[in-house]
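Numbering (this note's numbering), first residue to last: 37 to 291.
Note that beta-carbon positions come from the ideal geometry of N, C-alpha and C, so glycine has one too.
Just so you know, these numbers come straight off a predicted model, no measurement behind them.
Here's the structure, in structure tokens; my notes come after.
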């Protein structure tokens, strides 16, 4: 069985869990916001399930390889899929999580609020959206989205990153739209999410991670594990940010 992501294999399942997990949550995210870091950190505690992109196409295909699906009805299919995920991806203390990017939310056949039966939401954001857009641009160009060196192969980039003012601006607009998607969603559902800001997570990792566990009501682990994710920002990121700001100033007409 050749899976696209090793972590989707039975090797990373929790012991089988029966019934509806008492704690269910969605990690609400946007590309390059630090959701990989937070998802891995929560998983490594052993207390917060394994919140992955289970509704993304590559993940669905992996689980199709594992289980197969026998229904053509989208609602029934989604319900059965989530039920099976809950059985193997719920931590022993009864916590199940999944991660959803704003860009995927509108294309889902189901509302995660309904299928998870009123879950809690952890919303991870990035304060510096320009740096997020630069990171987004680099990841799209190179194909390198995450560096962990353990569970994912350290493959080489498919292309060298090249600065593009137009691309960064486009991704900046996409990220602005994605933020609005989540804001509108929470407003419609009357949900108050627990907000985690990436820059704060990096600056005070232990406190921010423990605040998420407290929000989920599961207490603290005996020790706080490292997320196992390496940061990808470097001097090139800073140069691109500075160049983008210069180009944007040059583009604006003098007042």
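- Between residue 57 and residue 132, the CB-CB gap stays under 8 Å.
- A Cβ-Cβ distance of about 17 Å is found for the pair residue 100 and residue 48, leaving them out of contact under the 8 Å criterion.
- The three-state reading of DSSP puts residue 133 in strand, counting E and B together.
- Taking each of 247, 65, 92, 52 in turn and checking the Cα distance to residue 163, the smallest one comes out for 65.
- A straight-line Cα-Cα distance of about 20 Å links residue 234 and residue 222.
- Going by C-alpha positions, residue 246 is about 11 Å away from residue 261.
- Residue 241 and residue 145 have their alpha carbons spaced roughly 35 Å apart.
- By the CB criterion at 8 Å, residue 61 and residue 208 fall outside the cutoff.
- Boundaries of the beta strand (DSSP E) around residue 64: 59-65.
- Per DSSP, reduced to three states, the secondary structure at residue 177 is helical.
- With respect to the 8 Å criterion, residue 244 and residue 236 are classified as neighbours on the basis of their beta carbons.
- Scanning its chain for C-beta atoms nearer than 6 Å, with the 5 sequence neighbours on each side dropped, one finds around residue 157 the residues 62, 64, 227, 229, in chain order.
- Counted as a single uninterrupted DSSP element, the alpha helix (DSSP H) harbouring residue 111 occupies residues 110-125.
- For residue 151, the enclosing alpha helix (DSSP H) covers residues 148-151.
- Residue state for residue 199 is assigned as coil, using DSSP reduced to three classes.
- DSSP, read as helix, strand or coil, puts residue 260 in coil.
- Secondary structure note for residue 277: its alpha helix (DSSP H) is the uninterrupted segment 271-287.
- Around the CB of residue 272, fewer than 16 other CB atoms lie within 10 Å, so the residue is classed as exposed.
- With a contact defined as Cβ atoms closer than 8 Å, residue 76 and residue 263 qualify at about 5 Å.
- Residue 89 counts as buried, since at least 16 other C-beta atoms from the protein chains shown sit within 10 angstroms of its C-beta.
- Taking each of 84, 175, 213, 111 in turn and checking the Cα distance to residue 151, the smallest one comes out for 111.
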